[in-house]
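Peer 1: Please find one structure pasted underneath; my questions will follow.
Protein chains: 4
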Amino acid sequence: MTERRTFLKVGAAAAMTAAAAATTTRLVAAEAAPAAQTAYGGEHAPVPLPFDAKSLKGISEKLIQSHWENNYTGAVKALNLVRARLSAAVQDANTPPYLYTGLKREQLARTGSVVLHELYFANLGGSAQAPASVRSAFAASFGSFDAWEAEFRKIGAGLGGGSGWAVLGYNRSLRVLENYSMTDHTTSPPNTTPILVMDMYEHAYQMDYGAAAAKYVDAFFTNIQWEAVARRLEARQA
Amino acid sequence: MTERRTFLKVGAAAAMTAAAAATTTRLVAAEAAPAAQTAYGGEHAPVPLPFDAKSLKGISEKLIQSHWENNYTGAVKALNLVRARLSAAVQDANTPPYLYTGLKREQLARTGSVVLHELYFANLGGSAQAPASVRSAFAASFGSFDAWEAEFRKIGAGLGGGSGWAVLGYNRSLRVLENYSMTDHTTSPPNTTPILVMDMYEHAYQMDYGAAAAKYVDAFFTNIQWEAVARRLEARQA
Amino acid sequence: MTERRTFLKVGAAAAMTAAAAATTTRLVAAEAAPAAQTAYGGEHAPVPLPFDAKSLKGISEKLIQSHWENNYTGAVKALNLVRARLSAAVQDANTPPYLYTGLKREQLARTGSVVLHELYFANLGGSAQAPASVRSAFAASFGSFDAWEAEFRKIGAGLGGGSGWAVLGYNRSLRVLENYSMTDHTTSPPNTTPILVMDMYEHAYQMDYGAAAAKYVDAFFTNIQWEAVARRLEARQA
Amino acid sequence: MTERRTFLKVGAAAAMTAAAAATTTRLVAAEAAPAAQTAYGGEHAPVPLPFDAKSLKGISEKLIQSHWENNYTGAVKALNLVRARLSAAVQDANTPPYLYTGLKREQLARTGSVVLHELYFANLGGSAQAPASVRSAFAASFGSFDAWEAEFRKIGAGLGGGSGWAVLGYNRSLRVLENYSMTDHTTSPPNTTPILVMDMYEHAYQMDYGAAAAKYVDAFFTNIQWEAVARRLEARQA
Chain D
1 MTERRTFLKV GAAAAMTAAA AATTTRLVAA EAAPAAQTAY GGEHAPVPLP
51 FDAKSLKGIS EKLIQSHWEN NYTGAVKALN LVRARLSAAV QDANTPPYLY
101 TGLKREQLAR TGSVVLHELY FANLGGSAQA PASVRSAFAA SFGSFDAWEA
151 EFRKIGAGLG GGSGWAVLGY NRSLRVLENY SMTDHTTSPP NTTPILVMDM
201 YEHAYQMDYG AAAAKYVDAF FTNIQWEAVA RRLEARQA
Chain Y
239 MTERRTFLKV GAAAAMTAAA AATTTRLVAA EAAPAAQTAY GGEHAPVPLP
289 FDAKSLKGIS EKLIQSHWEN NYTGAVKALN LVRARLSAAV QDANTPPYLY
339 TGLKREQLAR TGSVVLHELY FANLGGSAQA PASVRSAFAA SFGSFDAWEA
389 EFRKIGAGLG GGSGWAVLGY NRSLRVLENY SMTDHTTSPP NTTPILVMDM
439 YEHAYQMDYG AAAAKYVDAF FTNIQWEAVA RRLEARQA
Chain Z
477 MTERRTFLKV GAAAAMTAAA AATTTRLVAA EAAPAAQTAY GGEHAPVPLP
527 FDAKSLKGIS EKLIQSHWEN NYTGAVKALN LVRARLSAAV QDANTPPYLY
577 TGLKREQLAR TGSVVLHELY FANLGGSAQA PASVRSAFAA SFGSFDAWEA
627 EFRKIGAGLG GGSGWAVLGY NRSLRVLENY SMTDHTTSPP NTTPILVMDM
677 YEHAYQMDYG AAAAKYVDAF FTNIQWEAVA RRLEARQA
Chain V
715 MTERRTFLKV GAAAAMTAAA AATTTRLVAA EAAPAAQTAY GGEHAPVPLP
765 FDAKSLKGIS EKLIQSHWEN NYTGAVKALN LVRARLSAAV QDANTPPYLY
815 TGLKREQLAR TGSVVLHELY FANLGGSAQA PASVRSAFAA SFGSFDAWEA
865 EFRKIGAGLG GGSGWAVLGY NRSLRVLENY SMTDHTTSPP NTTPILVMDM
915 YEHAYQMDYG AAAAKYVDAF FTNIQWEAVA RRLEARQA
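The structure is reproduced here in structure tokens:
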């Protein structure tokens, strides 16, 4: 355990040093998919923060570091353990289906937490300017960029004091960019590519802002990594 | 209402006639995405059954027709209505965020039902033979095709007597083919492309099998449209 | 397994014979609490149907028998097994808290299913006349008995084609009779005594009515055991 | 709004002054049920903190005051508004059942939050000694008082970093004292009287402890108002 923690901290430190390097390279690396895996097999390795933890405006180093270390890498650890349990349970004829399904729900929860946290960190650490390509894509679906932002913020406000995620996603079945409100890690629209992800669990802001969720949403908006958003938008039709 | 019902029935009848036509063309058409839409705008039109309702083995015409007409087109109608409400509520400053979020949850539920039902019908109506490309892809992730099938059936059994979906999906973030168990329309793993979808709500089998969910799962397996599965597999990396 | 099934069937048969006996005695017995138990210990024994399975109007013997045998006693069996697993897991230091919590969620789901099914069967098997005491209590909270019925039916309609429970409950904290809509076995208002419980899972009606949930709700209303409702109402303040 | 806030603060201040008064009287008053209400009618008034906000050990005045003012009274305000909407929607024939059900879900969520928060505050503010009557009742169900505490803490740990409630409840149908794990305000076992309630939403500890949920659970245990627990235990069989 101690060794693992050490390893994670070294990993994070490395990422922070890397933060000084070329931005594009770093971002691509941060979001690059891990090596292909087998179902409930293999170990998922935590992805380091793709920005300097000290660099965010209005989100403290202490908070983002705790968020990454406790909530995100905790979810990674849990996911790996759930997978190991699934691997054993699937071969055990004594596991009744409804208990197996209980484990599958944990898989869904941990998978959701890991994937959404990675997407969240990867769309943080940028400047506040959305490029024209993003603005026009949002406007095409929401009427205007501002109309998109207003709904996204409203979803955040609706989740404040509770738990969940505000997600702008591209629904590949319905071929539409929509904002979604999810109350936990297990809820998501099917067949949807997340474009912008905002964590609304209280660990994303309580340490800095207490119950003032709206101030966190303001801070989130000033740190959006729009290049990551633009890249996801481009890739969405694939 | 009567007119709409008539329209829907005509649509279904047309699809059934079409069922005699070239299979590949039809299937591609059935799964082809609708025209790009705007967020909570536009009307989603029901997609006709992509096979002759009389053609399934072990799933009666009466059941599949009721499933399509009542459950699926009911969800389409509900989705269109929820979108209209969202469109009004987003512009109404008197809608507090947590009530707006309540509407967003309905959007998530109806979107999930529409998308999953369309994927479900589109992977039914085929023969029982999985092509080699599918078998080897499943084996690569699950150890063997049979191991995949055993887990997928176990998930179905675990949901029997309740509600939900068994889904084989390709998680684009984790780059892995996995089976998932979802207890309602709002649960899904994020950033995941559904490859094979099995409805485990009781409307998918009670009318034919009563509580004998396992017999329905058998019937489902004899009707899988493996060409659709193969096509989704090929497109998953895009 | 065979033996157990036999036992259950004998139990059910006995209950049906008993159905000819004095109504009041039987009903009290049916709802009488089991012997006090220990946490996740002991075996919960299925409660026989408190009425003749042939006696319901508009709900077939086949359906109610399947509902009792497959869905309800299946939940009892599952609850007993989950409890045994909990009993082992709580003493196993190797069970991480979040996996333990997964088991607790199964406990919640099975407990909900067992308790709600027992309350449901116990408020079925009666005549259609609500006594004056019930009518006035409902009117005091809802404006009129008819207003109560209208909302209760609306909740049923809203759950049709999905899963869940419509429940009239007495909230002991808020001191109010209210109708609640629950989408699965794990949802309930806290500190609330159920007064009337209507199963809206599709196994409660699909076999008889297909997707026509409204017809089932009509049938449910003609079979309400109002004496049970009156008794629960009287006991609610305790 | 300003006026209302002022009123609430005065109410809280009054409660704090009252905290100096006789303990028993205060506690009974704090948990005393409000006047009987009508379904989704009437205004629920916030219950003041039943202890001096400065008096808790290891839970700061700032945190508990924010918890009460933002999370709890926010839920009260939301509940009153949802009830007003329900009152209008139930009479509006244009509200389709599934949209009405969406509102009912909000009612369930806000009711859960209000009731559980009131029970939580009412079982805080005490000394760390559980009386003999409580110890023996817990031991009767869990084997020993320590076994009860170990499971209750394990549930808390399993919810750490997420959201939910750890609840010791008396299930009136199963006649058993059990611990339950609930992941949001809408989940509860049916027909159950809460005996001890621990908030595991992050707003209950992040401000003081960051991600260190276990330290909060320690603090919670040193502040349990065991007299309230004993009183609920006594009343449970009623």
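Residue numbers (our numbering), protein chains in the order written: chain D, 1 to 238; chain Y, 239 to 476; chain Z, 477 to 714; chain V, 715 to 952. We put the beta carbon where it would ideally sit given N, CA and C, even for glycine.
In chain order, what residues of the stretch 914-931 of chain V put their CB closer than 7 Å to some CB of chain D?
Peer 2: Tyr-915, Glu-916, His-917, Gln-920, Met-921, Gly-924 and Ala-925
Peer 1: Using a Cβ cut-off of 8 Å (strictly closer), state whether Ser-877/V contacts chain D.
Peer 2: yes
Peer 1: Identify each residue in the stretch 803-836 of chain V for which the Cβ-Cβ distance to at least one residue of chain Y is less than 9 Å, and report them in chain order.
Peer 2: Pro-810, Tyr-812, Leu-813, Thr-815, Gly-816, Leu-817, Arg-819, Glu-820, Ala-823 and Arg-824
Peer 1: Based on DSSP bridge pairs, tell me the residues matched to Val-643/Z.
Peer 2: Tyr-656/Z and Val-673/Z
Peer 1: Does the distance from the C-beta atom of Leu-196/D to that of Leu-168/D stay below 8 Å?
Peer 2: yes
Peer 1: Please report how far the alpha carbon of Ser-66/D lies from the alpha carbon of Ser-780/V, in whole angstroms.
Peer 2: 22 Å
Peer 1: Using the three-state DSSP reduction, which class does Thr-239/D fall into: helix, strand or coil?
Peer 2: With chain D covering 1 to 238 only, the question about residue 239/D has no answer from this structure.
Peer 1: Fully enclosed by the stretch 787-839 of chain V, which alpha helix (DSSP H) runs are 4 residues long or longer?
Peer 2: 787-803 and 811-836
Peer 1: Is there a Cβ from chain D that is less than 8 Å from the Cβ of Gly-396/Y?
Peer 2: yes
Peer 1: Measuring alpha carbon to alpha carbon, tell me which residue in Lys-292/Y, Thr-339/Y and Thr-311/Y is nearest Ala-283/Y.
Peer 2: Among Lys-292/Y, Thr-339/Y and Thr-311/Y, the Cα nearest to that of Ala-283/Y is on Thr-311/Y.
Peer 1: Does the CB of Ala-554/Z have a neighbour CB from chain D at under 8 Å?
Peer 2: yes
Peer 1: Determine, for Asn-547/Z, whether the minimum Cβ-Cβ distance to residues of chain V falls below 8 Å.
Peer 2: no
Peer 1: Alpha carbon to alpha carbon, how far is Glu-356/Y from Glu-820/V?
Peer 2: Going by the C-alpha atoms only, they are around 29 Å apart.
Peer 1: Going along the chain, which residues of its own chain have a beta-carbon closer than 7 Å to the beta-carbon of Val-467/Y, five neighbours each way excluded?
Peer 2: Asn-361, Val-372, Ile-433 and Leu-434
Peer 1: Ser-411/Y: buried (16+ other C-beta within 10 angstroms of its C-beta) or exposed?
Peer 2: Counting Cβ neighbours within 10 Å, Ser-411/Y comes out buried, since at least 16 surround it.
Peer 1: Could you compute how far the alpha carbon of Val-217/D sits from the alpha carbon of Tyr-919/V?
Peer 2: 21 Å
Peer 1: Compute the Euclidean distance between the alpha carbons of Lys-342/Y and Tyr-180/D, then round it to the nearest angstrom.
Peer 2: 7 Å
Peer 1: Is it a yes or a no for the stretch 862-880 of chain V touching the stretch 913-928 of chain V, going by three-plus beta-carbon pairs under 8 Å?
Peer 2: As far as the Cβ criterion goes, the stretch 862-880 of chain V touches the stretch 913-928 of chain V, which means the pair count is three or higher.
Peer 1: Taking the straight line between their C-alpha atoms, what separation do you get for Val-114/D and Ile-59/D?
Peer 2: Straight through space, the alpha carbons of Ile-59/D and Val-114/D are spaced by roughly 21 Å.
Peer 1: Would you check if there are 3 or more beta carbon pairs closer than 8 Å linking the stretch 611-621 of chain Z to the stretch 935-942 of chain V?
Peer 2: The stretch 611-621 of chain Z, when compared against the stretch 935-942 of chain V, does not touch it at the 8 Å Cβ threshold.
Peer 1: Measure the C-alpha to C-alpha separation of Glu-519/Z and Asn-556/Z and round it to an integer number of angstroms.
Peer 2: 6 Å
Peer 1: What's the C-alpha gap between Ile-778/V and Ala-688/Z?
Peer 2: The straight-line gap separating the alpha-carbon atoms of Ile-778/V and Ala-688/Z is approximately 50 Å.
Peer 1: With DSSP run on the structure shown, which of helix, strand or coil describes Ile-778/V?
Peer 2: Three-state result, Ile-778/V: helix.
Peer 1: Can Thr-187/D and Thr-430/Y be called in contact, C-beta distance under 8 Å?
Peer 2: no
Peer 1: Under the criterion of a Cβ to heavy atom distance below 7 Å, does His-117/D qualify as lining the ligand SAM?
Peer 2: This structure lacks the ligand SAM, and indeed carries no ligand of any kind.
Peer 1: Rounded to whole angstroms, what's the CA-CA distance from Val-890/V to Asn-309/Y? Just pull it up for me.
Peer 2: 40 Å
Peer 1: Hey, how far is the Cα of Asp-290/Y from the Cα of Gly-364/Y?
Peer 2: 11 Å
Peer 1: The alpha helix (DSSP H) spanning Glu-465/Y covers which residue range?
Peer 2: 464-473
Peer 1: Does His-44/D come within less than 8 Å of chain Y when only Cβ atoms are used?
Peer 2: yes
Peer 1: When you compare only the Cα positions, how much space is there between Asn-647/Z and Ala-880/V?
Peer 2: 20 Å
Peer 1: Output needed in chain order: residues of the stretch 877-906 of chain V with a Cβ under 9 Å from some Cβ in chain D.
Peer 2: Ser-877, Gly-878, Thr-897, Asp-898 and His-899
Peer 1: When the cut-off is 8 Å and only beta carbons count, does Ile-433/Y lie next to chain D?
Peer 2: no
Peer 1: Name the chain V residues whose beta carbon is nearer than 9 Å to that of Leu-319/Y?
Peer 2: Pro-810, Tyr-812 and Leu-813
Peer 1: Given a cut-off of 8 Å, decide if Tyr-574/Z and Ala-565/Z are closer than it, judged by their beta-carbon atoms.
Peer 2: no
Peer 1: Pop quiz: Ala-933/V and Lys-768/V are said to be a contact at Cβ under 8 Å. What is the actual Cβ separation, rounded to whole angstroms?
Peer 2: Actually they are not in contact, since the Cβ atoms of Ala-933/V and Lys-768/V sit about 14 Å apart, beyond 8 Å.
Peer 1: By the three-class DSSP mapping on this structure, what secondary structure does Thr-222/D have?
Peer 2: helix
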